[in-house]
Structures are given as C-alpha cells and as structure tokens.
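As numbered in full-length UniProt numbering, residues 1 to 345 make up the sequence shown, in order.
Note that the Cβ used here is the ideal one computed from N, Cα and C, for glycine as well.
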Amino acid sequence: MDNSKKIKVLAISIAAVLHGLVGFGLANMTIKPITPPPVTPPLEIEFIKEPVPEPIALNDLESPEPPGEPVVTPEPVVEPEVATPEVVEPSEPISEPPPEPEPLPEPEPIPEPIPEPEPEPLPEPEPEPEIDVEAILEQQRLQEAWVAQQKQLAKIQEQERLEQERLENERREQERLEQERLEQERLENARREQERLDNERRAREQAQKEAQAAAARQAAAQAAADAAKKAGNHGGGQPAQNQTVEGGINISNASWKTKPRVNNFCSARSDIDTTLQVSFRVDAEGKISNVNLNGSTGDAKLDRQIIRQIGRGRLHPFREGNITRVGTAIYPITLKLPKDESCTN
C-alpha cells in the first residue's frame with residue numbers, strides 16, 4: 001500500500017472515531033427536567049347582600065305611597081316633618097337606625113405568576129476538527145525515533161552492565177589466583193625451611209659420625225704406624241715403605257690444590273640461604289670422585305651445578321710421613337644467593 005492510501009485510511013479512521021465520540025456524548029448527555037409552573041387557583045368572590053331598610057309608617061292624612069321596589073341606599077335618609085297649622089300631628093315613632101353594613105373583605109392579592117425557567121439550549125455539536133495528516137505523520141515519526149532511541153539506550157546500558165560484570169569476574173579471578181600463589185609460596189618457603197633444617201641436622205649427624213670414624217681410623221693408623229716403625233727398627237734399621245691408610249681425612253682451606261668456585265652459583269627459582277654438606281671420595285693423589293650432596297637447595301639445576309663444581313676440584317695428597325691417607329671427606333658449603341631470573345645454570 002502506497003503512502004497516499006495509508007493517509008486516506010488513517011484520516012477515515014480518525015473521522016470515524018471522532019463521530020463515535022460525539023454520538024456517545026449526545027446519547028449520554030444529562031437533560032435538565034422542565035419544572036411545570038405552579039397553578040394558581042381562581043379567586044372566590046362572595047357578594048354581600050345589603051340589608052333591606054324597614055318601611056316608615058305614615059299618618060292617616062298622608063296617602064301611602066304605593067309599594068314599590070325597595071331602594072337600597074348605603075345610609076338611611078330621614079325625611080323632614082311636614083307641619084300643618086290646624087292638625088295636631090301625632091307623635092312620630094322613633095325609628096331605629098339601620099345597622100351599619102359589614103365591611104367588604106379585602107380581596108386577596110393575586111400572586112405574581114412565577115416565570116417559567118427557560119429550557120437550556122442543547123449544546124451545539126462541535127465541528128469536526130480538520131485532520132492534519134502531516135502533523136500525524138510527523139508525530140508518528142517522532143514516536144518511532146523516540147522508541148528507537150530508548151532501545152539503543154537500553155542496549156548500551158546492557159553492554160555496560162555486561163562489561164562491568166566481566167571486569168568484576170576478572171578481578172575476583174585475579175584475587176583468587178593471587179591468593180593461591182601466596183599460599184603456594186608460603187608452603188614452598190615452609191618446605192624449603194624444613195628441608196634446610198633437616199639438611200643441617202643430617203649434616204651435623206654425618207659430620208659427627210665422620211669425625212668419630214676418622215678418629216677411629218686415625219687411632220688405627222697411628223697404631224699401625226707405630227707397629228711398622230717397631231718392625232723396621234727390628235729389621236736392621238731399613239726405612240719403612242710408603243703406606244696408604246683409609247680414613248683420617250680432614251679438609252681445610254689449605255688442603256685444596258684446585259678449589260671449586262662455589263661463589264659463582266645462582267638460582268632463577270628462589271632466594272637461597274642454606275648450609276649443605278658435600279661428601280666425596282679422595283684418592284692417594286688428591287683426586288675427587290663420587291660426589292654426593294647431603295640435602296638439596298630446592299633447585300635441581302643448582303644441585304647439579306654444585307656437584308659438578310666440587311668434582312672439578314683437586315686436593316693435595318694427605319701424607320703423614322710415609323703414610324698416605326685416602327677415603328671419604330666431608331666439605332660444608334654455605335650459600336646465600338638472591339633470586340636471579342637471568343640465571344642459566
């Protein structure tokens with residue numbers, strides 16, 4: 001349907017709605033009832049009949065007047081006496097005055113007629129408003145634009161809410177990961193500390209055992225040397241041959257011919273602050289073999305580097321006279337290494 005047909009349909013619809021509203025208003029309009037004027041009853045007029053005066057008796061000399069119709073007068077008229085010279089007039093009877101007529105009743109005032117109220121004129125039907133199609137279309141366009149704007153605003157608000165929710169979830173996840181990292185670090189530090197304490201305890205026990213064994217071996221070697229010396233003296237004063245004796249090795253800084261570089265170590269894993277005991281085998285020429293690390297630094301690469309560096313070292317032979325000592329030696333090392341992420345051990 002093209003635009004002109006839409007406009008016609010819209011105009012017809014609006015006109016039909018307005019006609020329906022006007023018809024509904026006329027059908028349901030309240031009409032004021034007309035009050036009939038009050039009916040005034042006719043006045044009753046009563047005529048009062050005046051009393052008839054009594055006839056006056058005349059003397060014999062006077063001829064009576066023929067009876068005629070009584071004359072009604074408001075007041076009685078007294079006729080004058082007629083005097084005759086020779087006739088003695090008899091005494092006239094005293095006539096009673098006629099009664100006063102009753103006053104006529106005043107007529108009741110006629111009430112003024114109540115004017116009848118004029119009936120209210122029926123309201124004239126309002127003229128049908130002219131339909132402004134352009135204004136209606138403009139209103140529709142504005143309404144559609146407002147609805148579209150509200151939808152866009154709601155969409156933006158929803159996106160902002162989702163973004164805030166995502167950021168909040170990320171923050172909570174980061175907090176959880178940080179707490180886990182701190183907990184793992186705490187456990188790792190506790191493990192390393194316990195391991196360091198265990199290593200120190202084992203090193204002390206091992207050193208004590210080694211010292212006891214060395215003392216026993218030294219005593220045995222001394223006894224053997226004394227016995228050999230006595231045997232040589234008994235054999236004609238021949239010098240005794242060199243002998244190799246097991247045990248009795250005590251390492252000090254002066255014993256190293258080539259000292260291992262234990263100060264060049266580094267660790268990329270964590271800070272190192274511990275003391276370790278390194279045991280190894282020393283032969284008659286001072287060569288080192290069978291290097292073992294009693295404990296661990298917590299960094300496997302660092303442990304292997306320590307073993308390699310100790311194995312590269314060289315000791316002076318342990319000689320006492322014609323006796324060369326061989327056996328297992330214990331060498332303690334103390335490490336204080338800060339964490340170095342650039343370490344490539």
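(request) Grab the span of the beta strand (DSSP E) containing residue 272 for me, first residue to last. (result) Going by DSSP, residue 272 is part of the beta strand (DSSP E) stretching over 272 to 282.
(message) What does the alpha-carbon distance come out to for the pair residue 344 and residue 293?
(response) Residue 344 and residue 293 have their C-alpha atoms roughly 21 Å apart.
(request) Identify whether residue 186 lies in helix, strand or coil by the three-state DSSP scheme. (result) helix
(message) Give me the residue from 25, 139, 147 with the minimum Cα distance to residue 392.
(response) Residue numbering for the chain in the displayed model covers 1 to 345; residue 392 lies beyond these limits and cannot be assessed.
(request) Flag this pair as yes or no: are the beta carbons of residue 290 and residue 280 separated by less than 7 Å? (result) Taking 7 Å as the Cβ cut-off, residue 290 and residue 280 qualify as a contacting pair.
(request) Could you tell me the distance, in whole angstroms, from the CA atom of residue 211 to the CA atom of residue 273? (result) 26 Å
(message) Could you compute how far the alpha carbon of residue 170 sits from the alpha carbon of residue 155?
(response) Taking the straight line from one Cα to the other gives about 23 Å.
(message) Considering just the uninterrupted stretch of the alpha helix (DSSP H) at residue 300, what are its terminal residues?
(response) 300 to 311
(message) Can you list, in chain order, the residues of its chain with a C-beta nearer than 7 Å to that of residue 202? Leave out the 5 residues immediately preceding and following it.
(response) So the qualifying residues of the chain are 294, 295.
(message) With the cut-off set at 7 Å, would you say residue 251 and residue 318 are in Cβ contact?
(response) no
(request) Measure the C-alpha to C-alpha separation of residue 335 and residue 204 and round it to an integer number of angstroms. (result) 17 Å
(request) Whole angstroms is fine: what's the gap from residue 327's alpha carbon to residue 282's? (result) 5 Å
(request) Going by DSSP, name the residue or residues bridged to residue 287. (result) 314
(message) Once DSSP output is grouped into helix, strand and coil, what is the label at residue 320?
(response) Reduced to three states, the DSSP call for residue 320 is strand.
(request) Quick one: grab the DSSP three-state call for residue 342. (result) In the three-state reduction of the DSSP assignment, residue 342 falls in the coil class, being assigned neither a helical nor a strand state.
(message) My output table needs one value for residue 295: the three-state DSSP class, helix, strand or coil.
(response) coil
(request) Using three-state DSSP, classify residue 337 as helix, strand or coil. (result) strand
(request) Return yes when the Cβ of residue 7 is within less than 7 Å of the Cβ of residue 131, no when it is not. (result) no
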